[in-house]
Amino acid sequence: MNPSIIQDSSRSIRKQAFVLSVFTVAALAALVGYSWYWNTNNIYNEKINLALTEARSNWNKDASLRRWAAHHGGLYVPPNERTPPNPALKHLPHRDVVTTDGQKLTLMNPAYMMRQMAEEFEEDFGVKGKVTGKLQLNPINKPDEWQLKVLNIFESGKTDEVYEQQMIDGQPYLRYMKAMYMTEGCVKCHGILGFKDGDLRGGVSVSIPLTRYFTAASETNDSVLFTHVSVLLVGVIAIIAFAWLFSRLLISTTNEALHDGLTRLPNIRLFKNRLEQSFKQYQRDPSSIFAVCFLDLDRFKNLNDSRGHKVGDKLLVSLSHRLSKLLRPGDTLARMGGDEFTLLLCDISSVDEALNITRRFLASFKEPFYIDNDEIYTDASIGICMVTDEYSDIEDMIRDADIAMYRAKSSGKGRVDVYSPEMHEYAMETMQIENDLRAAIQKGQLEVYYQPIVNVANSRIDGFEALLRWHHPVMGDVSPERFISVAESSGQIKEIGKWVLEQACVQIREWSLQFCLDNEFTISVNLSGTQLTEQGTQEMISEALRQSRLKPSKLHLEVTETALIGHKTYAKQAVKNIRELGVSISIDDFGKGYCSLAYLQEFEFDTLKIDKDFVQDMGVDGKGLQLVRVLMMLARDLDMKLIAEGVETEEQFNRLSAMKCPFIQGYYFSRPVSAEQVKAMLDEGCHINVNRLLKKNLPSQIVSQVASGPHQK
């Protein structure tokens with residue numbers, strides 16, 4: 017199988033995951049880059065703010081000292097080389113004084129003091145300080161260009177504090193300057209310049225070296241950069257890993273969406289995609305013939321009901337493995353759901369090739385499936401729809417393959433059928449039968465017919481077989497061969513079979529009480545494979561016996577060999593449970609299945625019924641005579657009751673009588689007839705002398721149609 021839809025989907029998912037991861041990585045890189053930029057700038061601004069705080073602290077300290085010195089009129093110190101008399105203060109009459117002991121002193125005003133302290137502070141800590149103004153007593157306090165600009169700002173009244181980063185002697189500094197106003201103590205020295213108390217005299221600047229702050233910021237930035245690069249790398253790895261895992265998950269999810277969860281086979285979506293491709297190829301090249309096949313297991317619902325869904329699921333898995341090994345390259349096997357499978361056969365030459373391939377599939381069902389140490393046999397029905405120019409929609413081909421499958425199932429199961437236009441009408445009729453059958457009991461359309469079983473030795477009627485008939489108001493009498501299979505596939509056989517059993521038990525008990533109480537009639541009722549292995553069947557039989565008060569030994573339940581196929585172990589237990597009730601089990605249509613002798617060996621049957629095909633082939637040239645002799649000997653050796661059914665002629669009766677066949681059933685004595693007709697026979701004593709039946713000419717309108725399916729003879 018060429019899973020192009022999976023490959024295309026996987027490529028698309030990987031491409032989308034790649035594009036998404038690229039955009040995500042780009043977004044993460046942009047986010048990490050912005051975070052790094054913001055943190056770097058924040059660290060830088062934080063260091064500037066720390067430097068500004070230091071500058072303000074220095075200014076505040078200096079301002080406090082100036083106020084103290086101005087409040088005390090300055091400080092007198094002995095003049096020396098470091099502190100000579102200040103020529104800028106020569107206008108003060110008491111700049112220089114002599115103490116009473118002859119010690120000479122000179123005045124250091126606040127500006128003088130602060131200038132010297134600033135010089136020493138700069139030498140020790142690198143912080144520059146200066147008192148300046150546009151008018152100054154000492155030229156050394158003349159403002160530089162930046163200080164002059166700031167003084168102009170102060171004079172404008174916009175602010176009294178300015179700071180700015182500048183380079184001084186090739187080194188970065190934060191220059192801070194704050195306005196200085198005249199106080200009463202300042203007038204003493206600076207009043208000569210025309211300043212009054214409260215006037216803006218100038219300003220004090222502090223320059224903080226930023227190198228140590230920038231060094232600390234650089235170290236922090238290195239850590240921040242490492243952290244951000246690590247986050248980016250981890251993020252990129254995480255995004256790539258997530259994209260990879262996510263794409264794998266999506267691909268896995270896509271595969272899950274295209275495959276059956278139980279069997280891992282392609283599902284209907286993938287099957288239709290492959291079918292669509294084959295259909296387009298056929299439209300381009302009509303020689304590319306292909307076929308759609310629909311496969312459905314026979315009696316799978318019965319297995320599920322009797323053994324449970326776990327066993328059914330295991331069977332489907334085992335079946336899928338087996339069938340997958342039979343696929344040719346390019347073919348597709350898909351599970352539609354339940355026990356339904358579809359098969360696409362590509363590049364076939366004809367319908368014969370499709371038949372040969374599907375027959376190989378059916379042949380694989382001959383081998384048992386081993387589930388939980390149990391042998392399970394199952395079979396399947398297959399419908400084939402060949403592509404033609406008349407098809408324009410793949411859904412129509414799937415529908416017609418399904419129709420052909422149902423035709424194969426209704427024709428006997430375990431076979432292949434090829435779709436033809438006539439099948440569509442048949443399928444519509446089947447649907448109508450299924451719908452109408454649901455209400456057939458309530459509407460009184462179903463009726464139980466009875467066919468006598470004759471004791472050859474005493475020419476008496478030993479009992480009857482109950483056979484179902486359906487009188488449809490539109491379709492007329494519907495053959496049981498037609499509607500019983502529909503009832504089994506739709507699950508309606510459970511309700512119908514229960515109704516037949518109850519009706520037959522009540523009726524035979526009534527006839528026994530009225531006509532032969534000393535030796536009550538037996539009643540044989542067909543039991544489908546679904547009923548046999550379904551849970552609750554034993555209880556249903558017990559309830560029917562209880563309500564009718566029929567002796568269990570007078571009830572014979574007939575099963576066909578095909579009803580046992582597929583669930584031998586469970587069917588064996590079901591047969592055992594039924595026999596424990598005292599009810600007899602008959603194997604019907606014996607000799608027509610695969611392993612009849614093996615079934616006689618494994619199952620405890622009470623009665624063997626020889627199939628009518630063998631009886632009617634007892635002529636001179638037929639092999640039936642020898643087969644009947646063998647079956648009669650086999651029944652005697654196994655101590656089984658023997659009934660030959662399908663006896664229609666006097667010649668057949670005489671041969672069987674000569675062979676000492678104990679019981680016969682067939683048209684020779686009576687067709688299946690209604691309960692009213694049986695009562696008429698019994699009223700005339702036909703049950704005591706069966707030869708009277710040979711003289712009766714029953715009206716044809718009460719005679720049912722001859723057929724060979726379940727519930728009919």
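Everything in the sequence shown is counted per this note's numbering, starting at 17 for the first residue and increasing by one.
Where a beta carbon is used, it is the ideal one built from N, C-alpha and C, also for glycine.
Keep in mind the model is a prediction, meaning the values are calculated, not measured.
Check whether residue i and residue j have beta carbons under 7 angstroms apart
| i | j | result |
| --- | --- | --- |
| A79 | P126 | no |
| A417 | C521 | no |
| A443 | D433 | no |
| V591 | L573 | no |
| S544 | F537 | no |
| S52 | K194 | Per the sequence shown, the amino acid found at residue 52 is Trp instead of Ser. For W52 and K194, no; Cβs fall outside 7 angstroms. |
| I601 | L624 | no |
| K106 | V114 | no |
| I364 | L291 | no |
| V327 | T279 | no |
| T553 | D390 | no |
| L349 | L339 | yes |
| I256 | T40 | no |
| L265 | T394 | no |
| F287 | T358 | yes |
| Q523 | A691 | yes |
| A104 | Y229 | no |
| A560 | L517 | yes |
| P688 | L483 | yes |
| R191 | S239 | no |
| V706 | S336 | no |
Residue span of the beta strand (DSSP E) that contains residue i, given as start and end
| i | result |
| --- | --- |
| P188 | Q187 to Y197 |
| F606 | S600 to F606 |
| S506 | Not the beta strand (DSSP E): S506 falls in the alpha helix (DSSP H), residues P496 to S506. |
| P468 | L462 to N471 |
| F385 | F385 to I387 |
| G662 | Note, G662: premise wrong, no beta strand (DSSP E); not H, not E. |
| I284 | It is not in any beta strand (DSSP E) - I284 instead sits in the alpha helix (DSSP H) that spans I284 to R300. |
| D112 | D112 to V114 |
| R280 | Looking at the DSSP string, R280 is not in any beta strand (DSSP E), and its letter there is neither H nor E. |
First and last residue of the uninterrupted alpha helix (DSSP H) at residue i
| i | result |
| --- | --- |
| L319 | F316 to R323 |
| M556 | T553 to S564 |
| Q428 | Going by the sequence as given, residue 428 is Gly instead of Gln. That residue, G428, is in no alpha helix (DSSP H); it is neither H nor E in DSSP. |
| T549 | G545 to T549 |
| H440 | P437 to L453 |
| G536 | Going by the sequence as given, residue 536 is Glu instead of Gly. Element bounds for E536: n/a, residue is neither H nor E. |
| E667 | E666 to A674 |
| L529 | I509 to F531 |
| S172 | E161 to S172 |
Residue i burial status per 10 Å Cβ neighbour count (16 or more: buried)
| i | result |
| --- | --- |
| F306 | buried |
| Y481 | It should be noted that the sequence gives Glu, not Tyr, for residue 481. Buried, since its Cβ has 16 or more Cβ neighbours within 10 Å. |
| E667 | exposed |
| D733 | For residue 733 there is no data in the structure shown, the boundaries of the chain being 17 and 729. |
| V663 | buried |
| I253 | exposed |
| A33 | buried |
| D478 | buried |
| I509 | buried |
| M648 | buried |
| L69 | Checking the sequence, you will find Thr at residue 69 rather than Leu. It is exposed - the Cβ of T69 has fewer than 16 other Cβ atoms within 10 Å. |
| K459 | exposed |
| K639 | exposed |
| V38 | exposed |
| A456 | buried |
| L311 | buried |
Integer Cβ distance of residue i from residue j, believed to fall under 8 angstroms
| i | j | result |
| --- | --- | --- |
| T99 | M124 | 6 angstroms |
| T236 | I64 | Not confirmed; about 14 angstroms, so no contact. |
| I557 | L597 | 6 angstroms |
| Y435 | G492 | Not quite, the Cβ-Cβ distance comes to about 27 angstroms (not below 8 angstroms), so this is no contact. |
| C205 | L167 | In fact, because the Cβ distance is near 19 angstroms, the residues do not count as touching under 8 angstroms. |
| E200 | D213 | 5 angstroms |
| V472 | S673 | 5 angstroms |
Review point. Is it true that the region 154 to 170 meets the region 41 to 52, where meeting means three or more beta-carbon pairs spaced less than 8 angstroms apart?
Key: no
Point to revise | Validate contact between the region 676 to 686 and the region 462 to 472 using beta carbons, cut 8 angstroms, 3 pairs | key: yes
Review point. Does the count of Cβ pairs from the region 375 to 382 and the region 318 to 332 closer than 8 angstroms reach three?
Key: no
Exercise for review: Mind the definition here: the region 448 to 464 touches the region 497 to 517 only if three or more C-beta pairs lie below 8 angstroms; say whether that holds.
Suggested key: yes
Exercise for review: Mind the definition here: the region 85 to 97 touches the region 140 to 156 only if three or more C-beta pairs lie below 8 angstroms; say whether that holds.
Suggested key: no
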